[in-house]
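**Student:** Okay, so the sequence shown: first residue is 1 according to full-length UniProt numbering, each after it adds one.
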Amino acid sequence: MEEQHKKILQRNRINLVTVMDPLVLYEPLFEKGVFTMDMIDTIKSSGTRRDQARQLVLDLETRGNRAFPLFLESLRESGQQGLIETLLRAPPVPTAVRPVVQPLPISSPMDVNKQSKYIVPICPVERPDKSSSPTPEKEYFKPRPEGRTRRDSLQSYKMDSSPCGYCLIINNADFEPQSELSNRKGSNIDSEKLERRFLALNFTVEVKTNLKQRQIRHELSALSKKDHSQYDCCVVIMLSHGTEVNHSRFPGAVYGTDGSHITVQDITTLFNGKNCPSLQGKPKLFFIQACGGDERDIGFDASPEETGPSVGGQDDQTDAITTSSSSESLSITDEVDARTSLPTPSDILVSYSTFPGFVSWRDTKAGSWYIETLDRILEENAATHDLATMLMMVNNEVSQNSAKGMYKQMPGSFNFLRKLLYFQTSP
1 MEEQHKKILQ RNRINLVTVM DPLVLYEPLF EKGVFTMDMI DTIKSSGTRR
51 DQARQLVLDL ETRGNRAFPL FLESLRESGQ QGLIETLLRA PPVPTAVRPV
101 VQPLPISSPM DVNKQSKYIV PICPVERPDK SSSPTPEKEY FKPRPEGRTR
151 RDSLQSYKMD SSPCGYCLII NNADFEPQSE LSNRKGSNID SEKLERRFLA
201 LNFTVEVKTN LKQRQIRHEL SALSKKDHSQ YDCCVVIMLS HGTEVNHSRF
251 PGAVYGTDGS HITVQDITTL FNGKNCPSLQ GKPKLFFIQA CGGDERDIGF
301 DASPEETGPS VGGQDDQTDA ITTSSSSESL SITDEVDART SLPTPSDILV
351 SYSTFPGFVS WRDTKAGSWY IETLDRILEE NAATHDLATM LMMVNNEVSQ
401 NSAKGMYKQM PGSFNFLRKL LYFQTSP
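1) Would DSSP call Lys225 helix, strand or coil?
2) Can the beta-carbon of Trp369 be found closer than 8 Å to that of Val350?
3) So Tyr157 and Cys234 are supposed to be a Cβ contact under 8 Å. How far apart are they, rounded?
4) Which runs of the alpha helix (DSSP H) fall wholly inside the segment 194-280 and span at least 4 residues, in chain order?
5) Within 10 angstroms of its Cβ, does Ala90 collect 16 or more other Cβ (buried), or is it exposed?
6) Less than 8 Å between the beta carbons of Ile377 and Met393, yes or no?
7) Assuming Lys208 and Ile170 make a contact with CB atoms under 8 Å, what is their CB distance in whole Å?
8) What are the boundary residues of the alpha helix (DSSP H) that includes Asn396?
9) Looking only at C-alpha atoms, which of Glu195, Arg63, Glu61, Val57 sits nearest to Ile237?
10) Taking only the alpha-carbon atoms, compute the straight-line gap between Leu29 and Phe71 and give it to the nearest angstrom.
11) Which residues bound the alpha helix (DSSP H) around Asn381?
12) Give the DSSP-derived three-state secondary structure of Val286 in the structure shown.
13) Give every residue of the same chain whose Cβ lies closer than 7 Å to the Cβ of Asn12, excluding the five residues on either side of it in the sequence, and list them in chain order.
14) First and last residue of the alpha helix (DSSP H) that includes Tyr26?
15) Determine which residues share a DSSP beta bridge with Tyr352 and list them.
16) Tell me the residue span of the beta strand (DSSP E) that contains Gly82.
17) Cβ atoms of Thr268 and residue 454: under 8 Å apart, would you say?
18) Among the candidates Ala173, Glu192, Ser179, whose CA atom is the shortest distance from the CA of Lys185?
19) Return the CA-CA distance between Lys282 and Ala388, expressed in angstroms with no decimal places.
20) Which same chain residues end up closer than 8 Å to Asp111 when comparing Cβ atoms and leaving out the 5 residues on each side of it in sequence?
21) What would DSSP say about Asp129, mapped onto helix, strand or coil?
22) Less than 8 Å between the CB atoms is what I'm expecting for Glu176 and Asp258, so what's the real figure, rounded?
23) Taking the alpha-carbon of Tyr422 as reference, which of Asp232, Pro277, Leu23 has the nearest alpha-carbon?
24) Determine the extent of the alpha helix (DSSP H) in which Leu58 is found, giving its start and end residues.
25) Using DSSP's beta-bridge definition, name the partner residues of Gly64.
26) When the Cα of Gly367 is compared with those of Ser74, Asn202, Ser240, which residue comes out closest?
27) Give the secondary structure of Pro109 by DSSP, where H, G and I count as helix, E and B as strand, and everything else as coil.
28) Taking three-plus beta-carbon pairs below 8 Å as touching, is the segment 9-23 in contact with the segment 43-63?
29) Let me know the secondary structure DSSP gives Leu417 once reduced to three states.
30) Give the straight-line distance between the Cα atoms of His228 and Leu420, rounded to the nearest whole angstrom.
31) Measure the beta-carbon distance from Leu75 to Asn246 and round it to whole angstroms, keeping in mind my assumption that it falls under 8 Å.
32) Taking Asn188 as the reference, give the member of Gln215, Asn210, Thr204, Gln178 with the closest Cα.
33) Is it the case that the Cβ atoms of Ala67 and Met1 are separated by a distance below 8 Å?
34) Apart from the five residues on each side of it in sequence, which residues of its chain come closer than 6 Å, Cβ to Cβ, to Val205?
35) Quick one: what does DSSP say Leu168 is sitting in, helix, strand or coil?
Laid out in structure tokens, this is it:
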């Protein structure tokens, strides 16, 4: 989509989400080739009418140059002419506003003295004279606690059930020719490593291989509908190609073998407290080995003390798929509308193999940088360190790698856990 049309949608997003009826737009947008049926199903599954309208507008920005005029035509056919007029209306030209300067009131010393006895200080000052009786102000203000909460006083999640919980690994290594996605050599190595690792951490592990988008959604939905009441945790691991998408919560999307994607936002929503009651208050962990976009990071010069030995070679590949949406469009949000619909994703952690917008590197013989490092860090440190600390170790080690002698990678996490998480380990 042309940049000027993206800006029109972004400028009018609140109005579109509030007024637009997406239900009558699906058929004309499908017939005009703006959206595929899989994309429409994904939009429909996003929630309420407002949620669907918001997702439709966000996805529309990622389509081709004809998407905007075809969208206007669909609005006209569905009887939403008023929205067309709103979208095509020129934005108001900002006018300079001169500040109005008003003189401060002049008070005599007598007036100040009269007012002072009615003024209550926000932070009353303790007087050095200990014999003086407490003032009324002191009775209403509690002393501020000294220092911060000690690290060892933080609570930890209960992680002693046996098994600890379910772990679902979805490994997409071979893609259909019509998807125009390359096969992911080395992904099976990642899958085998993580299957062994989470079995060792006392999880019930299930591996699904080469799933289409609808099959991915089915497996995730089935897992979210299981009874987790006897378990303490749930883990989902996605190994696939990925891309950058517009989002309001968690960034990124992963591809099915058919070339259709499912967003990380949709994946996590299936397991939130509303949709999966038996996991309420329990940690839900998502590990995403996929690209967050198609940008390649060449890094910056740093002192020798900050960098370790560089690893990586000619067998490195990326899991990136080029997308038509730009990073700039992701930074512009309708704050008012977004603020009223943000969830409270407590007890969720999403660990990404790379920073949103950038590629993720995979060695065709040894597996991906991120999974290889994560597996080793868990093996060496799970008995003594919490998950957040171990993920920081992973971030540090992966950041030292270099692909083809120049490209870098930086993993990261969206951490909404409320407590420390320590895995079960064998003695």
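We treat Cβ as the ideally placed atom computed from N, Cα and C, and that holds for glycine.
Note that the coordinates shown come from a computational prediction; the quantities given were computed from them, not determined experimentally.
**Tutor:** Checking against the coordinates, here is how it stands:
1) Here residue 225 is taken as the residue at index 225 of the sequence shown, counted from 1. Note: Lys225 maps to coil in three-state DSSP.
2) Taking the sequence shown and counting its residues from 1, one reaches residue 369 at position 369. Taking the sequence shown and counting its residues from 1, one reaches residue 350 at position 350. The answer is no: Cβ separation not under 8 Å.
3) Residue mapping note: residue 157 aligns to position 157 of the sequence shown, counting from 1. Residue mapping note: residue 234 aligns to position 234 of the sequence shown, counting from 1. Going by Cβ atoms, the distance from Tyr157 to Cys234 rounds to 12 Å, so no, they are not a contact pair.
4) 213-224, 264-269
5) The count along the sequence shown starts at 1 and reaches residue 90 at position 90. Ala90 comes out exposed.
6) Residue numbering aside, residue 377 sits at position 377 when the sequence shown is read from its first letter. Residue numbering aside, residue 393 sits at position 393 when the sequence shown is read from its first letter. In this structure, Met393 lies closer than 8 Å to Ile377 by Cβ.
7) Indexing the sequence shown from 1 puts residue 208 at position 208. Indexing the sequence shown from 1 puts residue 170 at position 170. Yes, Lys208 and Ile170 are in contact; Cβ-Cβ is about 5 Å, under 8 Å.
8) The count along the sequence shown starts at 1 and reaches residue 396 at position 396. Element bounds for Asn396: 387-399.
9) Working through the sequence shown from its first residue, we reach residue 237 at position 237. Per the Cα distances, Glu195.
10) For this step, residue 29 is matched to residue 29 along the sequence shown. For this step, residue 71 is matched to residue 71 along the sequence shown. Leu29 and Phe71: Cα-Cα distance of roughly 7 Å.
11) In the sequence shown, counting from the first residue as 1, residue 381 sits at position 381. That run of the alpha helix (DSSP H) goes 369-381.
12) For the purposes of this step, residue 286 is identified with residue 286 of the sequence shown, where counting begins at 1. At residue 286 the sequence reads Phe, which differs from the Val that was named. Here Phe286 sits in strand by DSSP.
13) Position 12 of the sequence shown, counted from the start, is the residue given in the question as residue 12. Answer for Asn12: Thr86, Leu87, listed in chain order.
14) Residue 26 sits at position 26 when you count from the first residue of the sequence shown. For Tyr26, the uninterrupted alpha helix (DSSP H) run begins and ends at 26-31, by DSSP.
15) Here residue 352 corresponds to residue number 352 of the sequence shown, with the count starting at 1. Per DSSP, Ile288, Gly412.
16) Position 82 of the sequence shown holds residue 82. Where Gly82 is concerned, there is no enclosing beta strand (DSSP E), although the alpha helix (DSSP H) it sits in stretches over 81-88.
17) The structure shown does not extend to residue 454, since the chain spans only 1 to 427, so no value can be given for it.
18) Counted from its first residue, the sequence shown places residue 185 at position 185. The candidate whose alpha carbon is nearest that of Lys185 is Ala173.
19) Along the sequence shown, read from residue 1 onward, the residue named residue 282 stands at position 282. Along the sequence shown, read from residue 1 onward, the residue named residue 388 stands at position 388. Cα to Cα, Lys282 sits roughly 16 Å from Ala388.
20) Reading the sequence shown from its first residue, position 111 is the one you call residue 111. Caution is warranted here: a pLDDT of 48 is assigned to Asp111, below 50, making its placement in the model unreliable, and no coordinate value can be reported.
21) Taking the first residue of the sequence shown as position 1, residue 129 is located at position 129. Confidence at Asp129 is low in this model, with a pLDDT of 46, below 50, so its placement is unreliable and the value that follows should be read with caution. Three-state result, Asp129: coil.
22) Numbered from 1 along the sequence shown, position 176 holds the residue referred to as residue 176. Numbered from 1 along the sequence shown, position 258 holds the residue referred to as residue 258. Confirmed, about 6 Å.
23) The residue given as residue 422 occupies position 422 in the sequence shown. The shortest Cα separation from Tyr422 among Asp232, Pro277, Leu23 belongs to Asp232.
24) Numbered from 1 along the sequence shown, position 58 holds the residue referred to as residue 58. Counting along the chain, the alpha helix (DSSP H) containing Leu58 begins and ends at 49-60.
25) Against the sequence shown, residue 64 aligns to sequence position 64. BP columns for Gly64 are empty, so no partner.
26) Within the sequence shown, numbered from 1, the residue matching residue 367 stands at position 367. When each option's Cα is compared against that of Gly367, the closest is Ser240.
27) Within the sequence shown, numbered from 1, the residue matching residue 109 stands at position 109. Confidence at Pro109 is low in this model, with a pLDDT of 46, below 50, so its placement is unreliable and no value can be given for it.
28) Per the Cβ contact rule, the segment 9-23 is in contact with the segment 43-63 (3 or more Cβ pairs under 8 Å).
29) Here residue 417 refers to the residue found at position 417 of the sequence shown. It is coil, neither helix nor strand.
30) Counted from its first residue, the sequence shown places residue 228 at position 228. Counted from its first residue, the sequence shown places residue 420 at position 420. Going by the C-alpha atoms only, they are around 20 Å apart.
31) Indexing the sequence shown from 1 puts residue 75 at position 75. Indexing the sequence shown from 1 puts residue 246 at position 246. Their Cβ separation, rounded to whole angstroms, is 20 Å, which puts Leu75 and Asn246 out of contact at 8 Å.
32) On the sequence shown, residue 188 is found 188 positions in, with the first residue counted as 1. Measuring from the Cα of Asn188, the nearest candidate turns out to be Asn210.
33) In the sequence shown, counting from the first residue as 1, residue 67 sits at position 67. In the sequence shown, counting from the first residue as 1, residue 1 sits at position 1. Yes.
34) Counting from 1 along the sequence shown, the entry for residue 205 is found at position 205. Result list for Val205: Cys167, Glu195, Phe198, Leu199, in chain order.
35) Against the sequence shown, residue 168 aligns to sequence position 168. Here Leu168 sits in strand by DSSP.
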